[in-house]
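S.K.: I am attaching a structure below and will ask some questions about it afterwards.
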Amino acid sequence: MITNTELEYKGNLYPNKIVDFRQDTDKLYFTTENGVILQITVMRNSTIRFRYATGHTFEPDFSYAVSENASRGYNRLEVTETDSEYYIETTRVKILVDKASLRTQISDLEGNILNEDEIGFHWEENYQYGGNTVKMSKITQTGESFYGMGDKATHLNLKGKRVNNWVMDQYAYGKDQEPLYKAIPFYIGLNKNRAYGIFFDNSFRSYFDFAHERRNATSFWADGGEMNYYFFYGPEMSKVVRLYTDLTGTPELPPLWALGYHQSKWSYFPESRVKEIAKQFRDLRIPCDAIYLDIDYMDGFRCFTWDKNHFPEPKRMMKELKEDGFKTVVMIDPGIKIDKDYWVYREAMEKGYFCRRGDGPYMHGKVWPGECNFPDFTNPEVREWWAELYKEFMAEMGVDAVWNDMNEPAVMEVPGKTAPLDTRHNFDGHPCTHRKAHNIYGMQMVRATYEGVKKYVYPKRPFVITRAAFSGTQRYASTWTGDNVATWEHLWIANVQMQRMCMSGYSFVGSDIGGFAEQPNGELFARWIQLGVFHPFCRVHSSGDHGDQEPWSFGDEVTDIVRKFIELRYQLLPYLYTMFYKYVNDGIPMLQSLVHFDQEDNQTHFRTDEFIFGDHILVCPVQEPNAQGRRMYIPRGKWYNFWTEEVVDGGLEKWVPAELDEIPLFIKEGAIIPKYPVQQYVGEVELEELVLDLYYKEGVELSSVYEDSQEGFDYTQGKYSLRKFKLIGKPKQLIVQQYKDGAFTTPYESFRFNLHGLPFKIVEIEIDNEKVALKDLKLNGDNSLTVSKNFTELHITGK
Ligand code: MIG
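Counting from 1 along the sequence shown, just add 220 to a position and that's the residue number in my numbering.
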């Protein structure tokens, strides 16, 4: 028997033939006979937006992901028409729209196909919730590879995988587990040395299939909303990443201390324990800039309160920590304890700021404080209120920074471990249920936190950390990869996740070094620290029930190794800060996977372990126990082994020794690496010189150093110092040119050049056309010389 319901179900629906075309400046509208409208917007020469409506109507155009500061503008937009197709051309791409099917095909101007609809846009009506399941399928090219997608704990190259985006608290997740804490629906395709990117700006649960279900098709779809995606063209992968990052934004520069080493635990309390940890760092001379207070500092897990027994005088405690060079970072969760005597709860109730269920009652759920209500951070008024809650903490008590946890939101003991799907949200004036708001809920929470922290730590810079994130969250906060495990496999996962996040526009990221759940042995902890000091955010954090996880918890040998690597990080701070500056200003990822570094070399397409820290340092973690080294791929070019100074020719796999106190580390030839002295915390030591480790190369190489006052906002008024160095190496001569920009005066007067790999003996030195007698030079031993920081051209001649 055929029932009515079965008759109504229409299955997949497809656009049919185009009956109308209209252009409105940069927007082109193609309407089909059956009421589908394709809107193509030329955002930039290489950034094109595709948006599809069914039933002749678009939703209001609104996005949490796209940055207000995204660049716009193009140099050419031409539309032509044949009997069967429309063609749209910019200076970089050509888009074909098929009149009979609405399918599109994008090629470069030489006609090489970059990306092509297979079935293209199609949809299914959603009878339960209304709206559509919106779908897109593209042809997968033979040899095509896929990258990106945020925090997926799987092979860097996504070909053959299916993933989905629904931010989730995933305690002790495993390799390939899906979904995790972040939703970043952005991928990069690479085929025949041409890279493009697709960002599906849809906050509903979304799915991506990279030639998994069908070998020749890549598809993506979402449970609701619109088919709304941006296409970016390279051909360089680095350009695709920059275009995506420009669209979704970058953060401001953090205070430099945020790039130091941070120590956390669930939880350090009472005050005496916090002090004891801090003292150990100083006694053992292990640099550390921040100490974290997890949920137990609160009074009964009530946000914005203190447990008076464990922390009787938080203001004094934080002041004393500060005097000793420690910043205090405290946790704030979204769940507000239902307690009529608790002011935050009362205020939110009075103002109607808590989320409600479909039929009206408040949404409640159990978290650490017991039964809680949850503020609707998608309401701008709620965000303003939340920001103000930080006033006392930051401005009066002296809290330095905040981490937001559990903001997926994570809810205990309920199916789905989050808010029920009928929970209602304001969505900045576009009311909806949790189905649409879930993936951006944590982002809006941390956005409000960022606004509050920024306002009340002023004139200092805000530093905020979030666990949940959607595309664009990088504008507000740094992030960590959640509750990982102290296993070797998780060391592999951490390495892949950091690279993937960096490729997905989100560079300020780190893992819980050593693992959150369970306990590492000394060897695993040492190997993880060696990797973690090369991650943009560097913090040890672990759960309370699995033993101690401080640098000194694993015996003297490991303590020394940990100190050595944390010291190296502090020496590299100017290099790391320059990486951050480039990320903020140009969208350049702080870590580059090898495929991002050299996409022309097919050998890089399936590599996961090796990566480039910034643009000149090659790192490859040791990821198994009892290793005395490992095989790794050295990318093309010449590289100096950091430990031995031996020069190797890349483009090959190589065994690299690395006992427990070393990690395979290489410096690209020609690099000039700036270094600060070891300090116990940022700002401890007055800088007397800037060390520049120069690695000779025959040929030309560019390096730069960005500096400013490390805190505050002077840098936005031109008070920064950007030095660009051009190294020109010849068989018997080395030339270094310096171009300086910005009005910041660095505290030191001179550079100390350490010249590595110089193939000649120095006989003459000229600075800005003046010969310097060798006897007048401050030569600090072999090939190390001190030069005024103001030079513009240095000639070192040899024989
Ligand atoms: O349900 O605050 O990922 O870093 O230590 C666990 C306690 C809640 C999860 C976070 C973790 C944090 C822990 N939190």
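Using N, Cα and C, we set each Cβ at its ideal position, and we do this for glycine too.
Examine ligand 1 and report whether any of its heavy atoms sits within less than 8 Å of the Cβ of His761.
M.R.: Flag set: Cβ of His761 near ligand 1.
S.K.: Could you tell me which residues DSSP puts in a beta bridge with Gln843?
M.R.: DSSP lists no partner for Gln843.
S.K.: Is Leu486 a contact residue of ligand 1, with contact defined as CB to any heavy atom under 8 Å?
M.R.: One detail in the question is off: residue 486 reads as Trp in this sequence, not Leu. Result yes, Cβ under 8 Å from ligand 1.
S.K.: Where in the stretch 576-602 do unbroken runs of the alpha helix (DSSP H), each at least 4 residues long, occur, reported from the N-terminal end onward?
M.R.: Counting whole runs of 4 or more residues, the stretch 576-602 contains no alpha helix (DSSP H) stretch at all.
S.K.: With a cut-off of 8 Å on the beta carbons, I'd call Asn265 and Tyr294 a contact; round off their distance for me.
M.R.: Right, their Cβ atoms sit about 5 Å apart.
S.K.: How about Arg687: is its Cβ closer than 8 Å to a heavy atom in ligand 1?
M.R.: Because some heavy atom of ligand 1 lies under 8 Å away, the Cβ of Arg687 counts as near it: yes.
S.K.: Val673 to Val239, Cα distance in whole Å?
M.R.: Near 53 Å, if we compare the C-alpha coordinates of Val239 and Val673.
S.K.: Does ligand 1 have a heavy atom nearer than 8 Å to the CB of Ile515?
M.R.: At least one heavy atom of ligand 1 is nearer than 8 Å to the Cβ of Ile515, so yes.
S.K.: Residues in the same chain with beta-carbon distance under 6 Å from Gln930, minus the five sequence neighbours each way, listed in chain order, please.
M.R.: These residues qualify, in order along the chain: Leu476.
S.K.: At a cut-off of 8 Å, would you count Tyr1055 as near ligand 1, judging by its Cβ distance to the nearest heavy atom?
M.R.: Here the chain covers residues 221 to 1019 and nothing more, so residue 1055 does not appear.
S.K.: Comparing alpha-carbon positions, which option in Trp606, Thr686, Cys575 lies nearest Val622?
M.R.: Selected option, being the one with the closest Cα: Thr686.
S.K.: Out of curiosity, what's the CA-to-CA distance linking Gln664 and Val387?
M.R.: Roughly 13 Å separates the two Cα atoms.
S.K.: Have a look at the DSSP bridge pairing and note the partners of Gln953.
M.R.: Answer is Lys950, Thr1017.
S.K.: Considering only the alpha carbon of each residue, which of Gly649, Lys560, Ile982, Ile987 lies closest to Asn1003?
M.R.: The residue with the shortest Cα to Cα distance from Asn1003 is Ile982.
S.K.: With respect to 8 Å, is the separation between the Cβ of Phe736 and the closest non-hydrogen atom of ligand 1 below this value?
M.R.: Yes, the Cβ of Phe736 comes within 8 Å of a heavy atom of ligand 1.
S.K.: Using only CA atoms, which one of Ile260, Glu279, Gly890 lies nearest to Gly649?
M.R.: If we check each option's Cα against that of Gly649, Glu279 comes out closest.
S.K.: Is Asp732 near ligand 1, judged by its Cβ being under 8 Å from some heavy atom?
M.R.: It does: the Cβ of Asp732 is within 8 Å (strictly closer) of some heavy atom of ligand 1.
S.K.: I'd like the ranges of any beta strand (DSSP E) spanning at least 3 consecutive residues and lying wholly in the stretch 306-359.
M.R.: The stretch 306-359 contains these whole beta strand (DSSP E) runs: 313-318, 324-328, 333-345, 352-359.
S.K.: Between the stretch 945-958 and the stretch 918-927, do three or more beta carbon pairs fall short of 8 Å?
M.R.: As far as the Cβ criterion goes, the stretch 945-958 touches the stretch 918-927, which means the pair count is three or higher.
S.K.: Where DSSP assigns a beta bridge to Tyr512, which residues make up the other side?
M.R.: Looking at the DSSP assignment, Tyr512 forms a beta bridge with Val549.
S.K.: Given a threshold of 16 other Cβ atoms within 10 Å of its Cβ, counted over all protein chains shown, does Arg505 qualify as buried or as exposed?
M.R.: Exposed: under 16 other Cβ atoms inside 10 Å.
S.K.: What does a CB cutoff of less than 7 Å around Glu906 pick up in its chain, not counting 5 residues either side in sequence?
M.R.: For Glu906, where only same-chain residues beyond five positions count, the Cβ hits under 7 Å are Pro967.
S.K.: Use the C-beta contact count for Ser304: other C-beta atoms within 10 angstroms, 16 or more gives buried, fewer gives exposed.
M.R.: Burial call: exposed.
S.K.: Would you grab the beta carbon distance between Tyr272 and Met447 for me? Rounded to a whole angstrom, and I think it's under 8 Å.
M.R.: 4 Å between Cβ atoms; contact.
S.K.: Please classify Arg851: is it buried, with 16 or more other beta-carbons within 10 angstroms of its beta-carbon, or exposed?
M.R.: Result: exposed.
S.K.: Write down every uninterrupted run of the beta strand (DSSP E) in the stretch 477-532 whose length is 3 residues or greater and which is fully enclosed by it, in chain order.
M.R.: Counting whole runs of 3 or more residues, the stretch 477-532 contains the beta strand (DSSP E) stretches 481-483, 510-513.
S.K.: Consider the C-beta atom of Tyr393 and the heavy atoms of ligand 1; say whether any pair is separated by less than 8 Å.
M.R.: Flag unset: Cβ of Tyr393 not near ligand 1.
S.K.: Excluding the 5 residues preceding and the 5 following Asn413 in the sequence, name in chain order all residues of the same chain whose CB lies nearer than 7 Å to its CB.
M.R.: So the list reads Pro455, Gln819, Glu820, once near-sequence residues are dropped.
S.K.: Which residues does DSSP list as the beta-bridge partners of Met852?
M.R.: The partner list for Met852 (beta bridge, DSSP) reads Lys874.
S.K.: Since I believe Pro507 is in contact with Gln899 (beta carbons under 8 Å), could you give me their beta-carbon distance rounded to a whole number of angstroms?
M.R.: At roughly 6 Å, the Cβ-Cβ gap stays under 8 Å, so Gln899 and Pro507 are in contact.
S.K.: Out of curiosity, what's the CA-to-CA distance linking Met886 and Gly368?
M.R.: Inspection of the sequence shows that residue 886 is occupied by Phe rather than by Met. Cα to Cα, the separation comes out at about 25 Å.
S.K.: So does the stretch 394-407 actually touch the stretch 316-326, counting three or more Cβ pairs closer than 8 Å?
M.R.: No contact exists between the stretch 394-407 and the stretch 316-326.
S.K.: Would you kindly check if the distance between the Cβ of Val778 and the Cβ of His482 is under 9 Å?
M.R.: Against a cut-off of 9 Å, the Cβ pair of Val778 and His482 comes out as no contact.
S.K.: Pick out whichever of Asn974, Leu258, Asp703 has its Cα sitting closest to the Cα of Trp486.
M.R.: Considering only alpha carbons, the answer is Asp703.
S.K.: Using CA atoms only, rank isn't needed, just tell me which of Val677, Ile749, Leu811 is closest to Lys784.
M.R.: Nearest of Val677, Ile749, Leu811 to Lys784, Cα basis: Ile749.
S.K.: Would you say the beta carbon of Met665 comes nearer than 8 Å to a heavy atom of ligand 1?
M.R.: No; taking the cut-off as 8 Å, the Cβ of Met665 has no heavy atom of ligand 1 nearer than that.
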